[in-house]
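*Asks:*
2 protein chains.
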Amino acid sequence: MKTSEQLLSLVEQALNGIDYPNVPQGLYEPISYTLQGGGKRIRPVLTLMCYNAFCEDVEKVLPAALGIEIYHNHTLLHDDLMDHAEVRRSRPTVHVKWDANTAILSGDTMLIMACRFMQQTDAVRKGEMMDLFIRTMDEICQGQQYDMNFENRSDVTETEYIEMIRLKTSVLLGCAAKMGALCANASASDAQALYDFAMNVGLAFQLRDDYLDVYGDPAVFGKAIGGDIRCGKKTFLLIRALSKMDAEGQAELLKTLHDTDLDPEVKVSTVRATYDRLSIQQECREAIDAFYNKARVHLEQTSLNAEAKDYLWQFAQTLLNRQK
Amino acid sequence: MKTSEQLLSLVEQALNGIDYPNVPQGLYEPISYTLQGGGKRIRPVLTLMCYNAFCEDVEKVLPAALGIEIYHNHTLLHDDLMDHAEVRRSRPTVHVKWDANTAILSGDTMLIMACRFMQQTDAVRKGEMMDLFIRTMDEICQGQQYDMNFENRSDVTETEYIEMIRLKTSVLLGCAAKMGALCANASASDAQALYDFAMNVGLAFQLRDDYLDVYGDPAVFGKAIGGDIRCGKKTFLLIRALSKMDAEGQAELLKTLHDTDLDPEVKVSTVRATYDRLSIQQECREAIDAFYNKARVHLEQTSLNAEAKDYLWQFAQTLLNRQK
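If you read the protein sequences in the order shown, they are chains A and B. Take 1 as the starting number for the first sequence in our numbering and just add one per residue. Take 1001 as the starting number for the second sequence in our numbering and just add one per residue.
1. Given His1072 of chain B, which residues of its chain have a CB within under 7 Å of its CB, disregarding the five upstream and five downstream residues?
2. Step through the CB atoms of chain B and report whether any lies within less than 8 Å of the CB of Asn149 of chain A.
3. Run through chain B and tell me which residues come within less than 7 Å of Pro24 of chain A, C-beta to C-beta.
4. In the DSSP assignment, find the alpha helix (DSSP H) that holds Trp313 of chain A and state where it starts and stops.
5. Gln1206 of chain B: buried (16+ other C-beta within 10 angstroms of its C-beta) or exposed?
6. Among A:Glu29, A:Glu56, A:Leu27, A:Gly37, which one has its Cα closest to the Cα of Leu7 of chain A?
7. Please confirm whether Leu1048 of chain B and Val1061 of chain B have their CB atoms less than 8 Å apart.
8. Short of 6 Å in beta carbon distance, which residues of its chain neighbour Met110 of chain A, apart from the five on each side in sequence? Order them along the chain.
9. Please confirm whether Ile1112 of chain B has its beta-carbon closer than 8 Å to some beta-carbon of chain A.
10. Grab me the residues of Asp1213 of chain B's own chain with a C-beta within less than 6 Å of its C-beta, minus the 5 sequence neighbours each way, in chain order.
11. What does Met1082 of chain B touch in chain A if you count any residue whose Cβ is under 9 Å from its own?
12. Along chain B, in chain order, which residues have C-beta atoms closer than 8 Å to that of Leu27 of chain A?
13. Excluding the five sequence neighbours on either side, which residues of its own chain have a C-beta within less than 6 Å of the C-beta of Cys1050 of chain B, listed in chain order?
14. How should Pro1021 of chain B be labelled, buried or exposed, when 16 other C-beta atoms within 10 angstroms of its C-beta is the threshold for buried?
15. Can you find at least 3 beta carbon pairs, one from the segment 1288–1304 of chain B and one from the segment 1268–1279 of chain B, that sit closer than 8 Å?
16. What is the rounded straight-line gap between the Cα of Asn1321 of chain B and the Cα of Met130 of chain A?
17. In whole angstroms, what is the alpha-carbon distance linking Lys40 of chain A and Leu46 of chain A?
18. So, helix, strand or coil for Pro1092 of chain B, using DSSP?
19. Quick one: grab the DSSP three-state call for Val297 of chain A.
20. In angstroms with no decimal places, state the Cα-to-Cα distance between Arg1296 of chain B and Cys1175 of chain B.
21. Among residues of its own chain, excluding the 5 on either side of Arg1272 of chain B, which ones have a beta-carbon nearer than 8 Å to its beta-carbon?
22. Given a threshold of 16 other Cβ atoms within 10 Å of its Cβ, counted over all protein chains shown, does Pro1092 of chain B qualify as buried or as exposed?
23. Check the Cβ-Cβ distances between Gln119 of chain A and every residue of chain B, and say whether any is below 8 Å.
24. What's the C-alpha gap between Ala1287 of chain B and Thr121 of chain A?
25. Could one say the Cβ of Met1137 of chain B lies closer than 8 Å to chain A's Cβ atoms, at least one of them?
26. If you compare alpha carbons, which of A:Asp261, A:Leu238, A:Asp263 is closest to Ala251 of chain A?
27. Expressed to the nearest angstrom, what Euclidean distance is found between the alpha-carbon atoms of Asp83 of chain A and Glu1163 of chain B?
28. Thinking just about the alpha-carbon of each residue, which of A:Trp313, A:Ala85, A:Arg153, A:Val58 is nearest to the one in His258 of chain A?
29. Using a Cβ-Cβ cutoff of less than 6 Å, which residues in the same chain neighbour Cys1115 of chain B once the five nearest sequence positions on both sides are dropped?
30. Starting from the Cα of Asn52 of chain A, find the closest Cα among A:Thr318, A:Ala316, A:Lys309, A:Gln317 and give me that residue.
31. Tell me, please, whether the CB atom of Asp122 of chain A is closer than 8 Å to any CB atom in chain B?
32. For chain B, is any of its Cβ atoms less than 8 Å away from the one on Ile134 of chain A?
33. For Lys1324 of chain B and chain A, any beta-carbon pair shorter than 8 Å?
34. Nearest to Asp1289 of chain B by CA position, among B:Lys1244, B:Val1220, B:Asn1200, is which residue?
35. Which full runs of the alpha helix (DSSP H) of 4+ residues lie inside the segment 173–238 of chain A, going along the chain?
36. In chain A, which residues lie with their C-beta within 8 Å of the C-beta of His1078 of chain B?
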């Protein structure tokens, strides 16, 4: 089996090798800008690994892997526009560097391009692969809508929050893993177990993101701690904390969080002190571990040999042990 | 063969029968609002007719026909947002009734939904159908980009303009026709001839749109004459007129067109007088007829019997003889 570094370099090479038309002027530059902006390429590498766990000729699944990565970047492009985010991977976002219309249209074009790559895959079960891809893209739109709806609500439950991150981010990891299995013509149960494995890794990964924002090591995390608190974002930690408080405590926590006059440093330390008092750090770690363990169980359910399982588990651990 | 009215009613029924999820709140209302906003359903009806010219069981091609109509409505939704258009089919556009983010995300969801319907079609040549659909969507994005680029240019040639409307609007008619043929497992030459037939009908249709804006009967046209002149839009008439003038005349015509202080009525009559002087009305009619005749030639190239050819030609004539 190829190492994840080898697969990553295959993905980068393929992305850099995409041949963009020269005209119409303005349509493809933002796409190549977006796709060459780096990123960890977790999803396409996962697709290649899951394929490689069954078959050697990884090139076969490369178009599908690229389709997933292109779609992922499409969502980032349109989400950044909707969120008015100005920076992505240390560079100006497309609607800042160009304009909103460019972001809309090149984003649409990327979605179509993603379908084109998926459709280019030469596989017996291409129909099933396309079905999975379309269902996943649909779920991700639902997740984004839930995320936007939640911004205006202060009564989001933990179940709702988990469902939102499952749709918005985790199903694409599940899809990436299952895509590799389907292309390798794996059994239905192996394909589904790999989906569930990666989906749970995705949930753990997302909660870890929430966790690191408050409890990460700033030196390793690479950015200031408390960004989510500063901008009053709904996170697992906040929702869990609110669920453990009475109405008065909830009101006070939310007041602190949305107090625009409060010094940001004071806001972060006050909210963090509340989290500490309620053992949110410990509980969040436990929630992460629970998804992590579920992922392991699903991986064990596959018919893969120990080496292949270990190969995928190592990758999951690399993702989850990241400090940034 | 079923009449176009019968096929239209099949399309409307199927669109009304789409089952939208109730949640997440806000994602599907704008989609059902958009799809139930009426419109002539030219594209899906054309798909059904081209299928029906070969096979009886038109229900088989219905998902593909709906996919095309849903995609078409996706482009209207996103184009209206990019153009800041406030009204579509006498109702507020989605970004006006809701907001820009809703328009972006439900537009994306419609694109995915269009692919889902296309993918649901049960046909031997589904792969070819999906390839055609993806290529067409890609071309339409290119057309929209050309259209946006042309807004900032005063030197657009007639060839460039025709290529822009071919990409932006005509290829979808070609795609709609060919889709019916592919689903009916027609020969490659019949499928291509039907594509060329409908594409040329589309070009004639689009030029006729430009023509009617200036030379239509206001009572029949249903809206004030000269809308394109009022907003300084590039049209076939303007481009042809400019091509027949010297630099001085061009500058004067463009100055009149972009003069924001000029009374709109005066602007329309001045520009129209220039067109009249240059025989643009006659030349535009000839250009329309040329595409119309090309369409006829391609239709004749098919192996269809006289009845089926007549059936499709009648539909093309209905489109082209419309006064509004």
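Don't be surprised by glycine CBs; every beta carbon is placed ideally from N, CA and C.
*Replies:* Looking at the atomic coordinates:
1. Arg1043, Leu1172
2. yes
3. Gln1142, Gln1145, Tyr1146, Asn1149
4. 306–321
5. buried
6. A:Glu56
7. yes
8. Ile31, Ile70, His74
9. yes
10. Gly1227, Asp1228
11. Ala100, Asn101, Ile104, Leu105
12. Cys1141, Gln1142, Gln1145
13. Ala1177, Gly1180, Ala1181, Leu1194
14. exposed
15. no
16. 41 Å
17. 11 Å
18. strand
19. helix
20. 17 Å
21. Val1214, Gly1226, Ile1229
22. exposed
23. yes
24. 42 Å
25. yes
26. A:Leu238
27. 35 Å
28. A:Arg153
29. none
30. A:Lys309
31. no
32. yes
33. Residue confidence for Lys1324 of chain B is low, a pLDDT of 45 falling below 50, so the modelled location carries little weight; the figure read from the coordinates is stated next. Cβ-Cβ to chain A under 8 Å: no for Lys1324 of chain B.
34. B:Asn1200
35. 188–215, 218–221, 227–230
36. Ile104, Leu105, Asp108
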